[in-house]
Amino acid sequence: MSDGGYLGGFQGVGPLVPRPEGLSGDPGRSGENALGRATPVGVNRRDVTHPWLATSTWGRALRVFFSALAVWLLALLVSVLAFADGRLEYFASSVPGAVALLVLPPVGCALLAVALQPWLARLAVPTQSLLVGIAAYVAAVLISAVAQLAWADGGIGCLAGEPCITGFWQTAAFAALILLPAIVLGAIAYAIAHVSVTARGRWAFVGVLALALVVTVVFAVTALT
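Okay, structure coming up:
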């Protein structure tokens, strides 16, 4: 019924004939090797996709959170030392306020990154990072404007008397100006999280996080003593 030849990847009922070495061993792939190409054995699409795409949603969220926390801690400490004479109470006068100041921005950045993943996955990594930074910036501006109107006696600086910034759009414009660095911070945080799934990127991720935590602990101990 068959001369034992190779018919479309199926051996006939005649004597078994070994598969020619030139054909790919994966029946789901075309026979690149049969055409004389130097295709490595066992290579498939999953081998050439970034490990980030194989990371779970929770895994991505945690990586973005910790990278954003590290970047945010370093940026906040620089701001406190440069503009507030080393006093964190200039930015947050209570313990709950300080905790919210430290935790909420990284949480928001992680949620935004996860929510945007269906669209980000189609783009290059630099573009993904930039879009996450822009989204974090827009969210920070809106939240700051609403928070100032709700809890700061109607505006920015009004506790010290007139003149002060009042009204939603004035407050939003002021927040849009001072929060421009959020674009860079969000982009850097996402880029670090994205490369953290690779062998080299993992060390960078751990290094930045460790540096931020050590510097924060040293700052806190110094401020309390």
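The opening position of the sequence shown corresponds to residue 1 in the UniProt record's numbering, with each subsequent residue numbered one higher.
Glycine included, C-beta positions come from ideal geometry on N, C-alpha and C.
These figures come from a predicted structure and were not determined experimentally.
Which of helix, strand or coil DSSP assigns to residue i
{"i": "Phe91", "result": "coil"}
{"i": "Arg122", "result": "coil"}
{"i": "residue 232", "result": "Nothing can be reported for residue 232, as the shown portion of the chain is limited to 1 through 225."}
{"i": "Leu116", "result": "coil"}
{"i": "Val197", "result": "coil"}
{"i": "Thr57", "result": "helix"}
{"i": "Leu211", "result": "helix"}
{"i": "Ala84", "result": "coil"}
{"i": "Leu111", "result": "helix"}
{"i": "Leu179", "result": "coil"}
{"i": "Thr225", "result": "coil"}
{"i": "Thr216", "result": "helix"}
Residue i CB to nearest heavy atom of the ligand HEM below 7 Å
{"i": "Ser94", "result": "This structure does not include the ligand HEM; it has no bound ligands of any sort."}
Member of the options whose CA lies at the smallest distance from the CA of residue i
{"i": "Val146", "options": "Phe168, Gln128, Val125 and Val138", "result": "Phe168"}
{"i": "Val103", "options": "Leu76, Ala113 and Val80", "result": "Leu76"}
{"i": "Ala175", "options": "Ala139, Ile192 and Ala204", "result": "Ala139"}
{"i": "Ala189", "options": "Leu53, Thr55, Leu73 and His50", "result": "Leu73"}
{"i": "Leu101", "options": "Leu120, Ala68, His50 and Ala82", "result": "Ala68"}
{"i": "Gln170", "options": "Ser196, Ala193 and Val141", "result": "Val141"}
{"i": "Thr55", "options": "Thr225, Gly86, Ala121 and Val214", "result": "Ala121"}
{"i": "Phe65", "options": "Pro105, Trp119, Val125 and Val197", "result": "Pro105"}
{"i": "Gln117", "options": "Thr57, Ser144 and Val99", "result": "Thr57"}
{"i": "Pro126", "options": "Ala84, Val195, Val71 and Ile143", "result": "Val195"}
{"i": "Ala193", "options": "Leu213, Ala212 and Phe205", "result": "Phe205"}
{"i": "Val80", "options": "Phe219, Gly207 and Leu224", "result": "Phe219"}
{"i": "Val214", "options": "Leu53, Ala70 and Leu123", "result": "Ala70"}
Item to check | Touching by the beta-carbon criterion (3+ pairs, under 8 Å), the region 123 to 133 and the region 176 to 192 | outcome: Flag = yes, the region 123 to 133 and the region 176 to 192 touch.
Item to check | Contact the region 106 to 117 vs the region 49 to 68: 3+ CB pairs below 8 Å | outcome: Contact holds: three or more Cβ-Cβ distances are below 8 Å.
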